[in-house]
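In full-length UniProt numbering, the protein residues as written are 1 to 1118.
Just below is one structure, and these are the notes that go with it.
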């Protein structure tokens, strides 16, 4: 088949006319049967006729003679005996019915519409009158698209006024289920008629009712370059046709709606004739307001006929591929919808043929009501009376409209009330999806099959935590491991292993599922323990040989083995918001038969934005050695340690592991020989152990020899640091100034001389941890910490080993040194508690001070009556009130400032030195200070008080009565009445404060839920628009159209992940580890080469300045 080649220069969308559909169609589908019940073959002239393309991979297209791979598919069509509404244009039809008079069929002359038409270039000769200046002033400056939207809105606005041309009251219209349109005339009242007539006289100007369309001027308004003929209605031809059509439409409107009490149902052919009347008289306005009518005017005699369908196209068979089950064919959902359309179309045709046989139709195909009434009175032996004939005709017509709607949109295919039992579709709990449902939302073709699709060799399950895993591992249940396979080629190095797997079979783990022979044939390995199955597995294993050069071009056999330990699984959690949302984990198979969840170490959950409250994740198993290598060296977890946006760490330890690490590295923590070796073993085997074995490790001498050999907890970390150092590289030097733990936390003062002795700063010298504690700033996801420094010095694998080792030894240490919290941790000592009570007793006086400040009155002249009077006026004042409009907001600000000041000062005074137990014995304060859990706000609410409750950024609002709760008097200015909670969690709360606290909690939940959906959709939209932006090889940032977005990435050309330490603190780290970094990056020993490289890759000026300052500082210290 010769496929033409070329380049698409432009394209446009349009509508097919009935004649075009018939010309493109290869046959008219007339048989509602699809498959033969006995042979299963397709029926001629049915919905799967082979003229429209093959239905199976064995068929040939009758029209072109090609098979299913080469045949492009051919459309058919279904003929309707009467027109139906085009589902895509139904809403426009309903709006247009509100835009014209139902007697003269002229578009309503709305002043705003006239102004829009003038600005859109409408011919001056066709304007009914000149628009007023104030209307033009509001419209000038709007773009053409906005003018057209406004014109259509004004033109179709419902108005119950008299027509300016014929003084006839307007009609009302509405639709039922997007399938029927009902109309009725508006009620005429004497007052309304007089007011409308008077208004029409004021606007009346000289205007000829007959219209001669000036097409040359209208053509200039459109963007089409195709010349079109000038359309005119000559007297005696168009006028006579228009008069006959107007008279016929008016008569039919009177019959369907004889009074103004009840809506009458219009048929699609009547609505089509009404729009034809409007088009024949006001086509110039419609062309201007609805430009798409210009494009279809050359295809239709009346452009408004595009809103109706006389013929429906049928998509090719390749688009509706039938499904087969057990050899029996079943139609697709699209075919089922088309079958329903075809069946109802045939029923409508049969009713019209019955009416025609009884001479109940006029020559133009309309109902002859007089003949029907006459025959119904004279002949009572008819099988279908005229009344029942009309009822059946309308019912089938509506059902046909519902079926046509269902092909495009399932939600618009529900039949009206009373016709549900007449449906011919098979009862189903889920209706067939229409075209809109097939392409819309997550389940649609675009998002489910083009932007993303279902894949094989993957698994999905709920995730659960497992601290016994390394941070780069994933625990895979045995259920998944026995169903996922890797095609491993047979070589001389693995033939014994693969033979053993084939003998084990698919049921035992580890085993194999199938063997792919060198000639491409696949043999499934038999399951079971029967003698025949075991014998066959042995034969298949013995036939496995290494590749033979003389056979099958040396292509090896392939064994599809089970997923096993050490394989890589690409894990993904949706939504995939950035690159680290997909990371490659090493597999560790969980052999417990009851295990069904995927297990992860929680340290890497931040990259996935995952938690363990029911989240699910996907695992993708690579099927080639190339993909496996890419996962190991590009997508593995250690390589995703830093966030691409700013270079900050993503992985880190939290909560229990931070507590255990601090307790282990805290001063005065000593371990016996057995305890030291136990912790070192579990940490080192998790970091550098392979298959349960560890290489020779470096141990440290005891810190204390007499009277007992004791090791410090810091020495455990030092041992781990030394043993993860790659061979040939120096040990790490690191200094980090304390961020969380302050000197005052230990000794109650800010003396700098006490800093060195209180484990505030982290100091590591040649791999030995000399001072400091491993809090969240060092082993959490924080920049510049210990793990981040190891990543920079030794690489990603060393950082992952350090995280895994600290995690495992922290778990082990917690088993011997537990951590808990008691009421004593949140109690205040006697002096601090008395201070708290004294400060909180001042709250009531703060209300008066804040009220006087907000309302600008003297505090000495405030009385209860005056406060209530001013408060009430401000409560009911409008926002435009210059005196009381903003008083409530001012009162909120004044009270908030005073109460916040009291609680803040109290917190600084009492915490942490006012607690009953001091740091580090106080567990609550320990968690807050080292960053393991909670913050000072939580400690304050437990020990001091909850403080001010805010609802949507304001104090608790008042009811109409002036109360916030019934337990408070009206217009109470005390802070407690406005939501201030002086009680604390330690001693519980009274009902009023508990209610205020519950209000704030509910407000936070709702606000979080709303923000999550909005921010998620916004992120997805932005990502979708930027997904074609890439950094090209010339260093510029370009989009899909090769347009330059940035000349250098980020305007500085720096990769955030590589430039995280290019700061003052980072430069200090480089200076301390100069020998290490020089050894790792193999800097040339020749000074000339170094100088040349520095000249070619010069540093930024601000970096040079920081380096010079650091060098001067270090020389002065030394």
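By construction, the Cβ of each residue, glycine as well, lies at the ideal position given by its N, Cα and C atoms.
Just so it is clear, the structure is predicted and the values come from calculations on it, not from any experiment.
Proximity of residue 577 and residue 781 at Cβ, strictly below 9 Å: By one-based count along the chain shown, residue 577 stands at place 577. By one-based count along the chain shown, residue 781 stands at place 781. No, they are not a contact pair.
Buried/exposed call for residue 892, threshold 16 Cβ in 10 Å: Numbered from its first residue, the chain shown carries residue 892 at position 892. Buried: at least 16 other Cβ atoms inside 10 Å.
Exposure of residue 330, with buried meaning 16 or more beta-carbon neighbours within 10 Å: For the purposes of this step, residue 330 is identified with residue 330 of the chain shown, where counting begins at 1. Exposed: under 16 other Cβ atoms inside 10 Å.
6 Å Cβ shell around residue 885 - same chain, five flanking residues per side excluded: Your numbering for residue 885 matches position 885 in the chain shown. The residues are 877 and 879.
Residue 732 CB to nearest heavy atom of the ligand HEM below 8 Å: No copy of the ligand HEM occurs in the structure displayed, which carries no ligand at all.
Bounding residues of the beta strand (DSSP E) (the contiguous stretch that carries residue 81): Position 81 of the chain shown holds residue 81. Segment 76-85, the beta strand (DSSP E) holding residue 81.
Extent of the continuous beta strand (DSSP E) run through residue 1119: For residue 1119 there is no data in the structure shown, the boundaries of the chain being 1 and 1118.
Assigned secondary structure, residue 524 (DSSP; H/G/I helix, E/B strand, else coil): On the chain shown, residue 524 is found 524 positions in, with the first residue counted as 1. In the structure shown, residue 524 sits in a strand (DSSP, three-state: E or B).
Those residues which DSSP pairs with residue 690 across a bridge: Looking up residue 690 in the chain shown gives position 690. 693.
CB contact flag (residue 675, residue 816, <9 Å): Translated into positions along the chain shown, residue 675 becomes position 675. Translated into positions along the chain shown, residue 816 becomes position 816. Yes, the Cβ-Cβ distance between residue 675 and residue 816 is below 9 Å.
Residue 518 vs residue 505 beta-carbon contact at 9 Å: To locate residue 518, count along the chain shown from 1; it is residue 518. To locate residue 505, count along the chain shown from 1; it is residue 505. No, they are not a contact pair.
Segment contact, 8 Å Cβ cut-off, at least three pairs: the stretch 79-97 with the stretch 342-361: yes
From 1100, 985 and 1032, residue whose alpha carbon lies closest to that of residue 1063: What you label residue 1063 is simply residue 1063 of the chain shown in a count that begins at 1. If we check each option's Cα against that of residue 1063, 1100 comes out closest.
Burial state of residue 1017, where buried means 16 or more other Cβ atoms lie within 10 Å: The residue given as residue 1017 occupies position 1017 in the chain shown. So residue 1017 counts as exposed.
Alpha helix (DSSP H) runs contained entirely in the stretch 140-179, provided each spans 4 or more residues: For the stretch 140-179, the continuous alpha helix (DSSP H) assignments of 4+ residues that do not extend past its boundaries occur at 144-155, in sequence order.
Reduced DSSP category for residue 105 - H, G, I as helix; E, B as strand; rest coil: Taking the chain shown and counting its residues from 1, the one referred to as residue 105 is at position 105. Under the three-state reduction of DSSP output, residue 105 falls in the coil class, being neither helix nor strand.
Supposed close pair residue 962, residue 971 - CB separation, criterion 8 Å: For this step, residue 962 is matched to residue 962 along the chain shown. For this step, residue 971 is matched to residue 971 along the chain shown. About 5 Å; that satisfies the 8 Å criterion.
Beta-carbon spacing of residue 559, residue 478 below 9 Å: Along the chain shown, one-based indexing puts residue 559 at 559. Along the chain shown, one-based indexing puts residue 478 at 478. No.
Status (buried if at least 16 other CB within 10 Å, exposed otherwise) for residue 522: For this step, residue 522 is matched to residue 522 along the chain shown. Its Cβ having fewer than 16 others within 10 Å, residue 522 is exposed.
Delimiting residues of the beta strand (DSSP E) encompassing residue 1159: Summary: the structure shown does not reach residue 1159, with the chain confined to residues 1 through 1118, and so no result is reported for it.
Residue 581 beta carbon less than 9 Å from that of residue 686: Translated into the one-based positions of the chain shown, residue 686 becomes position 686. Translated into the one-based positions of the chain shown, residue 581 becomes position 581. Cβ distance not < 9 Å, so residue 686 and residue 581 don't count as in contact.
Of the listed residues 975, 317 and 154, nearest to residue 67 (C-alpha basis): Against the chain shown, residue 67 aligns to sequence position 67. Closest in C-alpha terms to residue 67, from the list 975, 317 and 154, comes 317.
Where residue 557 sits in the DSSP three-state scheme: For the purposes of this step, residue 557 is taken as residue 557 along the chain shown, with counting starting at 1. Reduced to three states, the DSSP call for residue 557 is coil.
Residue 725 and residue 799 closer than 9 Å at C-beta: Residue 725 sits at position 725 when you count from the first residue of the chain shown. Residue 799 sits at position 799 when you count from the first residue of the chain shown. In this structure, residue 799 does not lie closer than 9 Å to residue 725 by Cβ.
Where residue 827 falls: helix, strand or coil (DSSP): The residue you call residue 827 lines up with position 827 of the chain shown. Three-state result, residue 827: coil.
Residue 228, DSSP secondary structure in three states: Position 228 of the chain shown, counted from the start, is the residue given in the question as residue 228. Its pLDDT being 38, under 50, residue 228 is placed unreliably in this model, and the value from its coordinates should be taken loosely. DSSP places residue 228 in coil when its eight states are reduced to three.
Residue 1121 and residue 785 closer than 9 Å at C-beta: With the chain covering only 1 through 1118, there is no way to say anything about residue 1121.
Candidates 499, 511 and 568, of which the one nearest residue 543 by Cα: As a first step, residue 543 must be located in the chain shown, where it is residue number 543. A check of alpha carbon separations from residue 543 across 499, 511 and 568 identifies 499 as the nearest.
Inter-residue spacing [alpha-carbon to alpha-carbon] between residue 467 and residue 812: Indexing the chain shown from 1 puts residue 467 at position 467. Indexing the chain shown from 1 puts residue 812 at position 812. Spanning the two alpha carbons is a distance of roughly 11 Å.
Three-state secondary structure (DSSP) of residue 619: Position 619 of the chain shown, counted from the start, is the residue given in the question as residue 619. Here DSSP, grouped into helix, strand and coil, assigns residue 619 to strand.
The stretch 170-180 contacting the stretch 138-146, beta-carbon criterion three pairs below 8 Å: Fewer than three Cβ pairs drawn from the stretch 170-180 and the stretch 138-146 lie within less than 8 Å of each other, which leaves the two stretches out of contact.
Cβ-based burial, residue 1121 [other Cβ within 10 Å; buried from 16]: Nothing about residue 1121 can be read from this structure; the chain reaches only from 1 to 1118.
Inter-residue Cα distance where the pair is residue 10 and residue 294: Translated into the one-based positions of the chain shown, residue 10 becomes position 10. Translated into the one-based positions of the chain shown, residue 294 becomes position 294. Going by the C-alpha atoms only, they are around 19 Å apart.
Proximity winner among 128, 129 and 91, relative to residue 156 (alpha-carbon distances): In the chain shown, the residue the question calls residue 156 occupies position 156. Out of 128, 129 and 91, 91 has the C-alpha closest to the C-alpha of residue 156.
Minimum C-alpha distance to residue 18 - residue among 262, 308 and 867: Here residue 18 refers to the residue found at position 18 of the chain shown. Closest by alpha carbon: 308.
Per DSSP, the bridge partner or partners of residue 1044: If you number the chain shown from 1, residue 1044 lands on position 1044. According to DSSP, which records beta bridges pairwise, residue 1044 is partnered with 1038.
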